[in-house]
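First comes the structure, then the notes that go with it.
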Amino acid sequence: MLVDLLLENKKAIIKHWTDLTIDTYPPEGGSFMRKQKDPFANPVGAAITNGAEAIFDWVMSGSKDYSPDVVRRLDDIVRIRAVQQFSASDALGFIFLLKKCLRESIPEKMMNDQHLVGELLRLESRVDSLALTSFDIYMKCREKLFEMRAMEIRNRTSRILERACMKYGAPHDW
Amino acid sequence: MDLHDLPKPKDLMDIDLNKPPETGWMNNPSVFKDGTYSYPAAGKNLKILGMPNPRQWAPTDEDWKLPENWQEIILKGMKERLEKYRSFRLFMDICVRCGACADKCHFFIGSGDPKNMPVLRAELIRSVYRNDFTLLGKMLGRFGGGRELTIDVLKEWFYYFFQCTECRRCSVFCPYGIDTAEVTMIGRELLNLVGLNINWVIEPVANCYRFGNHLGIPPHGLIDMWEFMADDVEDITGIKVNLPVNKKGAEILFVTPSGDYFADPGTYTCMGYMMLFHELGLDYTWSTYASEGGNFGLFTSHEMIKRLNAKIYAEAKRLGVKWILGGECGHMWRVVHQYMETMNGPADFLEEPVSPITGTKFENAKQTKMVHITEFTSDLIKNGKLKLDPSRNDKIIATYHDSCNPARAAGLLEEPRYVIKNVVNNFYEMPENTIREQTFCCGGGAGLGNDENIEMRMRGAFPRASALNHVVAKHDVNRLLCMCAIDRATLTALTHYWAPDVTVGGIHELVANALVMTGEKERTLDLRGEPLGDEEEDE
Ligand code: SF4
Ligand code: SF4
Chain V
3 MLVDLLLENK KAIIKHWTDL TIDTYPPEGG SFMRKQKDPF ANPVGAAITN
53 GAEAIFDWVM SGSKDYSPDV VRRLDDIVRI RAVQQFSASD ALGFIFLLKK
103 CLRESIPEKM MNDQHLVGEL LRLESRVDSL ALTSFDIYMK CREKLFEMRA
153 MEIRNRTSRI LERACMKYGA PHDW
Chain S
2 MDLHDLPKPK DLMDIDLNKP PETGWMNNPS VFKDGTYSYP AAGKNLKILG
52 MPNPRQWAPT DEDWKLPENW QEIILKGMKE RLEKYRSFRL FMDICVRCGA
102 CADKCHFFIG SGDPKNMPVL RAELIRSVYR NDFTLLGKML GRFGGGRELT
152 IDVLKEWFYY FFQCTECRRC SVFCPYGIDT AEVTMIGREL LNLVGLNINW
202 VIEPVANCYR FGNHLGIPPH GLIDMWEFMA DDVEDITGIK VNLPVNKKGA
252 EILFVTPSGD YFADPGTYTC MGYMMLFHEL GLDYTWSTYA SEGGNFGLFT
302 SHEMIKRLNA KIYAEAKRLG VKWILGGECG HMWRVVHQYM ETMNGPADFL
352 EEPVSPITGT KFENAKQTKM VHITEFTSDL IKNGKLKLDP SRNDKIIATY
402 HDSCNPARAA GLLEEPRYVI KNVVNNFYEM PENTIREQTF CCGGGAGLGN
452 DENIEMRMRG AFPRASALNH VVAKHDVNRL LCMCAIDRAT LTALTHYWAP
502 DVTVGGIHEL VANALVMTGE KERTLDLRGE PLGDEEEDE
């Protein structure tokens with residue numbers, strides 16, 4: 003079974019995937035994210051490492067539904083990348099990197115096995131479905147940022163406006 | 002496109018995300034991505050303040066409309082400051098690039114951008130210093146770590162010195178005590194010389210300069226706002242609080258950041274002050290002239306700090322008070338603590354502050370004559386002068402964000418905690434390496450808390466948020482307390498994005514919720530006008 007083979011290589015695959023993801027940051031940032039193990043000193047690195055494992059486990063699990071854990075972990079990473087110096091495609095591309103890592107962990111000669119390739123495609127579509135979900139998360143994050151901008155402008159003087167309306171009536175009455 | 006031009010599935014697997022170039026930091030020009038920089042100061046505001054080069058421009062423009070001899074102006078400004086501020090020259094000379102500070106900045110942690118490493122942030126200026134002010138640099142140029150002040154370098158300064166919240170976290174870890182916040186301050190001063198500044202800083206400065214507060218609200222407008230709050234207090238407690246304004250001969254002048262007059266949740270803290278002072282029968286006064294505790298001069302230049310700060314002493318003198326009490330504030334406290342006496346002292350017309358309620362002498366305030374409200378309130382509690390019912394705050398599970406300036410710059414670590422623990426039953430600390438001296442910034446201080454800069458703020462806010470989310474998961478924390486008006490605004494955005502179940506508020510809001518007042522009606526609502534109990538929790 004392909005899944006068994008991949009699970010045997012779990013550590014290496016996750017390491018490969020986190021390495022590729024971390025490589026999307028400038029080298030100095032990346033080396034810090036790899037080295038610092040304290041999650042509070044290095045929250046981005048922690049989100050990527052912990053997220054990678056949870057996501058990998060879900061892809062292998064065969065379970066049809068998302069576990070709350072996998073969605074939360076995915077959210078953790080996407081929420082961070084949605085405010086970093088990335089274009090949308092670069093922010094979300096890290097998900098597809100998992101496909102690359104899965105493929106590369108399979109010995110070349112095994113790729114002729116029809117059954118195994120079928121299994122691989124099935125796993126890959128699970129990764130695709132996660133990618134779609136991360137689009138949703140990404141969009142929600144971006145929408146939230148714009149909503150926050152509007153909210154801040156409003157809130158800054160909320161009391162003055164409230165007071166003015168109490169004294170002089172609502173703006174359309176002025 | 003022909004079908005055969007489409008990439009094969011196998012090629013598609015060769016995903017190559019845009020990797021950042023590896024050209025070395027000195028050669029990477031800054032990219033002004035929307036959401037990561039602040040809008041420039043409006044010309045009209047610069048004119049009001051008599052600051053150089055007022056004009057219309059945008060950081061994304063190719064031409065920044067600088068004076069022709071901008072290089073000369075900046076280098077001359079650098080020379081003057083190297084002579085005037087010994088600390089600046091020292092900070093330029095003694096860094097050994099040990100890297101202890103490198104990974105301590107919230108902006109670096111949240112972005113991975115090397116130029117947000119404090120050592121590199123300072124190096125942006127230091128490289129020019131080496132090039133133009135040291136013999137070795139003059140001889141060796143780039144090989145000696147020097148570089149010429151080009152337009153790209155200047156643009157980089159603007160980008161990165163307005164990406165430092167002057168929080169001083171990095172300085173805690175530097176074995177030589179190098180304070181990158183001070184390097185940033187000088188960097189901004191130099192930028193100001195050629196008209197490079199941001200509106201979120203300069204507009205409050207201009208308003209404060211003319212009207213005495215950041216929003217430029219005239220005296221009758223302020224009184225109106227305070228009365229409005231007093232009405233709310235009356236609705237909740239049944240008590241009409243005493244509201245003395247510009248009262249000559251009062252014992253104490255009270256000064257607090259104006260952000261707390263106009264925007265929730267700061268307003269609840271402000272109502273808290275009114276209730277506390279009323280209950281104590283304090284002989285104090287608000288002022289419509291010294292109506293701003295904040296001082297965005299700190300984010301502009303030393304000269305501007307002095308100009309804005311002077312009004313506090315001037316008003317204290319005019320009103321003839323004995324001493325000054327300051328509200329929950331952030332950078333106001335840094336200004337008071339570190340600059341006020343040197344810049345505008347000695348305040349020999351004031352008396353050494355003594356609490357009229359407990360008789361405690363605030364010896365620490367001997368010089369400045371200004372006491373912080375958490376010092377004042379913790380002393381009241383310690384002496385048993387307040388009747389408190391912390392169960393009124395039982396709905397709240399709190400944690401405390403040490404606001405950078407009072408904590409790191411002024412050492413106010415225990416007083417706020419002492420007050421909090423006496424007014425709320427559920428209190429949990431965030432992880433040790435994210436609080437007290439090591440507290441993580443909110444990501445929006447030093448004038449960066451504007452809406453256009455929201456992405457950068459969220460990057461910088463993430464380390465704080467990750468620690469917060471830890472106590473949310475572990476203890477169901479639902480209130481993030483802080484002691485700074487900027488925080489009350491910026492942390493609200495932080496929680497909105499990173500921890501949506503958490504609300505933000507000041508300490509004296511909870512003090513006032515718990516405060517049992519003489520003659521009050523039975524309290525059913527908290528200061529936010531929400532039920533005290535848990536009723537609405539099962540919604
Ligand atoms: S003062 Fe704060 S924001 Fe500035 S470099 Fe140091 S840690 Fe970063
Ligand atoms: S810790 Fe101090 S000496 Fe070391 S690199 Fe940072 S500023 Fe320089």
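Keeping their order, the protein sequence lines are chains V and S.
When the first sequence is numbered by our numbering, its final residue is 176 and no position is left out of the sequence of numbers.
When the second sequence is numbered by our numbering, its final residue is 540 and no position is left out of the sequence of numbers.
Just so you know, even glycine gets a beta-carbon here, dropped at the ideal spot from N, CA and C.
For clarity, every value in this text was computed on a predicted model and none was experimentally measured.
At a threshold of 7 Å, does V/C143 count as lining ligand 1 (C-beta to nearest heavy atom)? Checking the Cβ of V/C143 against ligand 1 gives no.
Rounded to the nearest angstrom, how far is the Cβ of S/M457 from that of S/T37, given a contact under 8 Å? 4 Å
Could you check whether the stretch 339–356 of chain S touches the stretch 312–325 of chain S, counting it as contact only if at least three pairs of C-beta atoms, one from each stretch, sit closer than 8 Å? yes
Apart from the five residues just before and just after S/C171, which ones in its own chain have a Cβ nearer than 6 Å to its Cβ? C102, K105, C106, P119 and T181
Starting from the beta carbon of V/Q116, find every residue of chain S whose beta carbon is closer than 9 Å, and list them in chain order. Neighbours of V/Q116 on chain S: none; closest Cβ ~16 Å, over 9 Å.
What does a CB cutoff of less than 6 Å around S/P532 pick up in its chain, not counting 5 residues either side in sequence? Scanning its chain for C-beta atoms nearer than 6 Å, with the 5 sequence neighbours on each side dropped, one finds no residue around S/P532.
So S/F1 is in the alpha helix (DSSP H); what residue range does that whole segment cover? The shown model of chain S, from 2 to 540, leaves out residue 1 of chain S, and the question about it has no answer.
Write down every uninterrupted run of the beta strand (DSSP E) in the stretch 171–214 of chain S whose length is 3 residues or greater and which is fully enclosed by it, in chain order. For the beta strand (DSSP E) assignment, the stretch 171–214 of chain S encloses no uninterrupted run of at least 3 residues.
Is S/G173 a contact residue of ligand 2, with contact defined as CB to any heavy atom under 7 Å? For the sequence presented, residue 173 of chain S should be read as Val rather than Gly. S/V173 Cβ: outside cutoff for every heavy atom of ligand 2.
Would you mind telling me which residues of chain S sit closer than 8 Å to V/M150, beta carbon to beta carbon, in chain order? D452, I455, A494, H497 and Y498
With distances taken from CA atoms, which of V/I139, V/P70, V/L76 and V/R158 is nearest V/N52? V/L76
For ligand 2, I want to know if V/C103 counts as a neighbour, meaning its beta carbon is within less than 7 Å of at least one of the ligand's heavy atoms. no
Out of S/G346, S/H338, S/P347 and S/K383, point me to the one whose CA is closest to S/G360's CA. S/K383
I want to check one thing, is the minimum distance from the CB of S/A123 to the heavy atoms of ligand 2 below 7 Å? Taken from the Cβ of S/A123, at least one heavy atom of ligand 2 lies inside 7 Å.
Supposed contact pair S/P391 and S/V355 - C-beta distance, whole angstroms, cut 8 Å: About 28 Å separates the two Cβ atoms, so there is no contact after all.
Below 8 Å between beta carbons: does that hold for S/F108 and V/R161? no
Classify S/F144 as helix, strand or coil using the three-state DSSP reduction. helix
Following a CB-centred definition, is S/P115 positioned closer than 7 Å to any heavy atom of ligand 1? no
Straight-line CA distance for S/G294 to V/D21? 48 Å
For the alpha helix (DSSP H) holding V/Y170, just list the boundary residues, first then last. S160 to Y170
So, for S/M272: in the same chain, excluding its five sequence neighbours on each side, which residues have a beta-carbon less than 7 Å away from its beta-carbon? Answer for S/M272: M230, D233, V234, A513 and L528, listed in chain order.
Comparing the CB of S/P119 with every heavy atom of ligand 1, is any distance shorter than 7 Å? yes
Check the Cβ of S/A468 against every Cβ in chain V and list those closer than 7 Å, keeping chain order. F42
Would you mind sorting S/H215 into buried or exposed? The rule is 16 or more other CB atoms within 10 Å of its CB. buried
Can you name the residues that DSSP bridges to S/K362? S/V355
For S/M341, write down the residues that DSSP places opposite it in a beta bridge. DSSP, once it has assigned bridges, lists no residue as partnering S/M341.
Which residues in the same chain as V/E10 place their Cβ atom closer than 7 Å to its Cβ, once the five residues preceding and following it in sequence are excluded? none
At a Cβ threshold of 8 Å, is S/G530 touching chain V? no
Beta-carbon proximity list for S/K386, same chain, < 7 Å, skipping 5 on both sides: I358 and T359, listed in sequence order.
Compare the C-beta of V/R74 against all C-beta atoms of chain S and say whether one is closer than 8 Å. no
When we look at the beta-carbon of S/F278 and count the other beta-carbons within 10 Å, is it buried (16 or more) or exposed? buried
Here's a check: name, in chain order, each residue in its chain whose Cβ is nearer than 6 Å to the Cβ of S/N427, leaving out the five neighbours to either side. Taken in chain order, the residues that qualify are I398.
With a threshold of 8 Å, are at least 3 pairs of Cβ atoms found where one atom belongs to the stretch 295–307 of chain S and the other to the stretch 329–346 of chain S? yes
Counting only beta-carbon separations shorter than 8 Å, does V/F58 have a partner in chain S? No, no contact with chain S.
Distance, S/R418 Cα to S/K396 Cα: 19 Å
On the three-state DSSP scale, how would you describe S/N406? helix
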